[in-house]
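Heads up: the sequence shown begins at 303 in my numbering, then just goes up one per residue. Think of the CB as a built atom: it goes at the ideal place given N, C-alpha and C, for glycine as much as any other residue.
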Amino acid sequence: MNQTIKAVASKVPEVTLLFWVLKIVATTLGETGGDAVSMTMDLGYALASVIFIGIFLVAVFAQIMAKKFHPILYWVVIVATTTAGTTMADFADRSLGIGYTGGSTILLLLLLLSLGVWYWSEGTIAVETVTKPRVELYYWVTIMFSQTLGTALGDWTADTQGIGFGGSTLIFGAGLTFLVLLYFTTKVSHVFLFWCAFVLTRPLGATLGDLLDKPAEHGGMEISRLTASAVLAAFMIACIFIFPQKAGRHPGETQSS
Numbered sequence: 303m304n305q306t307i308k309a310v311a312s313k314v315p316e317v318t319l320l321f322w323v324l325k326i327v328a329t330t331l332g333e334t335g336g337d338a339v340s341m342t343m344d345l346g347y348a349l350a351s352v353i354f355i356g357i358f359l360v361a362v363f364a365q366i367m368a369k370k371f372h373p374i375l376y377w378v379v380i381v382a383t384t385t386a387g388t389t390m391a392d393f394a395d396r397s398l399g400i401g402y403t404g405g406s407t408i409l410l411l412l413l414l415l416s417l418g419v420w421y422w423s424e425g426t427i428a429v430e431t432v433t434k435p436r437v438e439l440y441y442w443v444t445i446m447f448s449q450t451l452g453t454a455l456g457d458w459t460a461d462t463q464g465i466g467f468g469g470s471t472l473i474f475g476a477g478l479t480f481l482v483l484l485y486f487t488t489k490v491s492h493v494f495l496f497w498c499a500f501v502l503t504r505p506l507g508a509t510l511g512d513l514l515d516k517p518a519e520h521g522g523m524e525i526s527r528l529t530a531s532a533v534l535a536a537f538m539i540a541c542i543f544i545f546p547q548k549a550g551r552h553p554g555e556t557q558s559s
């Protein structure tokens with residue numbers, strides 16, 4: 303009796319250079335878009351968080367119910383997590399007075415807890431295995447925590463540590479470069495490196511977004527938040543249509559033949 307392994311399509315895209323480019327742009331858009339609603343439109347962090355959490359819940363429900371990978375839908379959910387993460391982190395850090403240090407610590411613990419529960423349940427946290435609704439739920443909860451953590455971490459570095467938006471962008475960019483070197487030159491777990499990179503792209507995007515839209519006296523370029531958000535969104539849409547993405551794949555169940 304022969305046994306074959308059937309490849310099963312994942313609900314997330316292949317992790318390629320395009321994936322990381324879109325992820326960084328999405329996190330930058332999350333910062334400018336979140337600030338546009340909460341600050342430029344003057345809705346406040348609490349109301350903006352409610353709006354973006356609502357969008358996220360609708361989008362992630364559609365994503366989980368979908369039978370296969372849809373690039374536009376996937377990246378809509380990613381952007382929803384970044385905008386919600388931006389306003390939620392700002393609400394906790396500023397409105398509730400938790401502060402960037404306290405907020406970053408709490409969110410890091412929640413992220414580790416999410417990854418731990420996922421691993422305990424499935425035996426792996428590899429994104430290629432996101433093929434079932436239960437696993438996809440773990441995936442999106444983890445991403446939401448990572449995006450919110452990234453916002454708080456970016457603000458902690460830029461403001462609390464006094465490094466500024468430009469300096470923080472360089473630091474997080476250097477961190478990602480180091481992870482790339484580890485990926486190609488060492489045997490460090492690629493799953494571990496993926497999640498480290500996924501988390502680091504968020505504060506990189508957050509500080510880059512702040513660099514674009516904050517006032518010049520605060521170290522920013524003072525570009526309109528709405529303009530920056532529109533340009534970033536247009537760039538993402540163009541990339542998705544010009545460079546089609548494929549779903550990631552992983553070995554499925556062993557089958558007899």
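Cβ shell of residue 382 (< 6 Å), same chain only, five flanking positions each side left out: If you number the sequence shown from 1, residue 382 lands on position 80. These residues qualify, in order along the chain: 357, 358, 361.
Considering residue 449, what are the terminal residues of the alpha helix (DSSP H) in which it resides? On the sequence shown, residue 449 is found 147 positions in, with the first residue counted as 1. Where residue 449 is concerned, the enclosing alpha helix (DSSP H) stretches over 435-457.
Does DSSP classify residue 304 as helix, strand or coil? Translated into positions along the sequence shown, residue 304 becomes position 2. With a pLDDT of 43 at residue 304, under the threshold of 50, the predicted position of this residue should be treated as unreliable, and no value is reported.
I'd like to check one pair, residue 547 with residue 320: are the Cβ atoms closer than 8 Å? Here residue 320 corresponds to residue number 18 of the sequence shown, with the count starting at 1. Here residue 547 corresponds to residue number 245 of the sequence shown, with the count starting at 1. Yes, Cβ-Cβ distance for residue 320 and residue 547 is below 8 Å.
DSSP three-state label for residue 312, please. As a position in the sequence shown, residue 312 is number 10, starting the count at 1. Three-state result, residue 312: strand.
Give every residue of the same chain whose Cβ lies closer than 7 Å to the Cβ of residue 462, excluding the five residues on either side of it in the sequence, and list them in chain order. Here the question's residue 462 lines up with position 160 in the sequence shown. Excluding sequence neighbours, residue 462 sits near 402, 403.
Could you please give me the residues that DSSP links to residue 535 through a beta bridge? On the sequence shown, residue 535 is found 233 positions in, with the first residue counted as 1. Answer is none; residue 535 lacks a bridge partner.
What residues are listed by DSSP as bridge partners for residue 551? Position 249 of the sequence shown holds residue 551. Residue 551 is bridged to 311.
What number of angstroms, rounded off, separates the C-alpha of residue 492 from the C-alpha of residue 418? In the sequence shown, the residue the question calls residue 492 occupies position 190. In the sequence shown, the residue the question calls residue 418 occupies position 116. The straight-line gap from Cα to Cα measures roughly 17 Å.
Grouping DSSP H, G and I as helix and E and B as strand, with all else coil, what is residue 546? Residue numbering aside, residue 546 sits at position 244 when the sequence shown is read from its first letter. Coil.
Starting from the C-beta of residue 531, find all residues in its chain whose C-beta is less than 8 Å away, skip the five residues before and the five after it, and write them out in chain order. On the sequence shown, residue 531 is found 229 positions in, with the first residue counted as 1. Within the same chain, residue 531 has close Cβ partners 331, 334, 335, 338.
Spatial neighbours of residue 342 within its chain, please: C-beta separation below 6 Å, excluding the five flanking residues on both sides. Along the sequence shown, one-based indexing puts residue 342 at 40. So the list reads 527, once near-sequence residues are dropped.
Here's the rule: buried if 16 or more other CB atoms are within 10 angstroms of the residue's CB, otherwise exposed. What is residue 500? Numbered from 1 along the sequence shown, position 198 holds the residue referred to as residue 500. Counting Cβ neighbours within 10 Å, residue 500 comes out buried, since at least 16 surround it.
Can the beta-carbon of residue 452 be found less than 8 Å from the beta-carbon of residue 508? The count along the sequence shown starts at 1 and reaches residue 452 at position 150. The count along the sequence shown starts at 1 and reaches residue 508 at position 206. Contact: yes.
Where does residue 494 land, buried or exposed, given buried means 16+ other C-beta within 10 angstroms? As a first step, residue 494 must be located in the sequence shown, where it is residue number 192. Per the 10 Å Cβ criterion, exposed.
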